[in-house]
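One structure is given here, and the rest of the page talks about it.
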Amino acid sequence: MVQSNIAVIISHLQVVGDLPVEILPNYIFRSATDSEVEQIKKIVKESLPYKRTTWVPYDAEVVETINSLGHKTYVHEPLPKERWKYWVISFEGQNERIHEFQLLSRLLPINFEIGSQLIYDGETMGHILMSPYAALRYSDWEQAFGKPEIITTIQIAFIGELYEMYQNLPDQFNFVRIAVQNFSSLRDISNGSDLVIVGLFAIIESLITHAPRLSESLDSINHQITNKIILLRKRFSRDVLPKAYFMDAPEDKIWKKLYSYRSAVAHGTPVNFDRDHQILKDRITVIKFLQDNIKELIILGLKEPEFLYDLRKC
């Protein structure tokens, strides 16, 4: 039997809908076969960072229990094989599209991450290992004992639509393509770094702002972002409202505080979430909000690149 090449999904996902899913012709999202599961287990074992023993529970569910001291503990309860969460994208031939699938899958509202790849050449198998940072992320406690994210087969198929739009993007709108690449690159920087904030704002600026003109104040970028995001939200495919992330405040005030955070980081000033930036809650919440806005901005740019191109000039 000829083996298919596969890209392994390392995210903890529960899929809703009928499988398999054709992302593009010859690129099929499906459950892993028994032999593929054994290979995935081997790769996971080889990828574990030093002194780490946990990983995403693809063949178990996390159950909360109370121990004899009254404390919560979490254990892995094995799942029947039909409920296992080993997912792959199978393909024949070269793997040049897999890298772009990874770039574009990061625009989905949930975490969809391609880790390693298994490539077959006759009887010989080679594999491309996951990045060290991905191995660190998927072996931490939160991943090992967290609930799976829900993804629909419609969302999975949308990766193919994103790919077609990305491939057909005219050179005139290359700023959108660059934003896709930069956004994916930022995902490999730890959310524990404030530099992620500066990078996310740089992507937003590249998508919707122009450099301040001589007649504009130095605060022009902040003003452009605040007003344009509020305008663009009506064209987003899903709601990304500040009230779902931060303390209750007018949206323009939220964006001003966000830009103030970005400026503080850029100039080496400590940010205090207990005082001046209290309405933003914390760094992780800020990163999630900015990421969700950027995802929608990029998707809008892929669908309507000319609209964003013109908006940047305003």
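Everything in the sequence shown is counted per the working numbering, starting at 172 for the first residue and increasing by one.
We treat Cβ as the ideally placed atom computed from N, Cα and C, and that holds for glycine.
Keep in mind the model is a prediction, meaning the values are calculated, not measured.
Residue environment, residue 331, which counts as buried when at least 16 other CB atoms sit within 10 Å: buried
Nearest residue (CA-CA) to residue 260, options 327, 359, 355, 361: 327
- prompt: Taking buried to mean at least 16 other C-beta atoms within 10 Å of its own C-beta, is residue 380 buried or exposed?
  reply: buried
query: Are residue 310 and residue 258 touching if we call contact CB-CB under 9 Å?
result: no
query: In the segment 350-432, which residue ranges form an unbroken beta strand (DSSP E) of at least 3 residues, counting only runs that do not cross its ends?
result: none
query: Which class does residue 278 belong to by DSSP, given the choice of helix, strand or coil?
result: coil
query: Since residue 269 and residue 178 are thought to touch, with beta carbons under 8 Å apart, how far apart are those beta carbons, to the nearest angstrom?
result: 5 Å
field: residue 196 classed as buried or exposed, judged by whether at least 16 other C-beta atoms fall within 10 angstroms
entry: exposed
- prompt: What does a CB cutoff of less than 8 Å around residue 368 pick up in its chain, not counting 5 residues either side in sequence?
  reply: 432, 433, 436, 454, 457, 458, 461
- prompt: Does the pairing of the segment 231-250 with the segment 263-283 give three or more beta-carbon distances under 8 Å?
  reply: no
- prompt: Which of helix, strand or coil does DSSP assign to residue 439?
  reply: coil
message: Between which residues of its own chain and residue 395 is the CB-CB distance below 6 Å, once the five residues before and five after are set aside?
response: 380
- prompt: Hey, would you say the C-beta of residue 319 is under 8 Å away from at least one heavy atom of the ligand HEM?
  reply: The ligand HEM is not among the ligands present in this structure, which contains no ligands whatsoever.
message: Can you tell me whether residue 223 is helix, strand or coil according to DSSP?
response: coil
- request: For residue 219, decide whether its Cβ has a neighbour in chain B, counting only Cβ atoms nearer than 9 Å.
  value: Structure shown: chain B not included; a single protein chain is present.
- prompt: Any idea what DSSP makes of residue 309, helix, strand or coil?
  reply: helix
task: Determine the DSSP secondary structure at residue 319, reduced to helix, strand or coil.
output: coil
query: Do residue 182 and residue 281 have their C-beta atoms closer together than 9 Å?
result: yes
field: Beta-carbon proximity check, residue 468 vs residue 479, cutoff 9 Å
entry: yes
task: Can you tell me which of 463, 336, 176 puts its alpha carbon nearest to the alpha carbon of residue 408?
output: 463
- prompt: With 16 as the cutoff for other CB atoms within 10 Å, does residue 361 come out buried or exposed?
  reply: exposed
Beta-carbon gap between residue 175 and residue 263 smaller than 9 Å: yes
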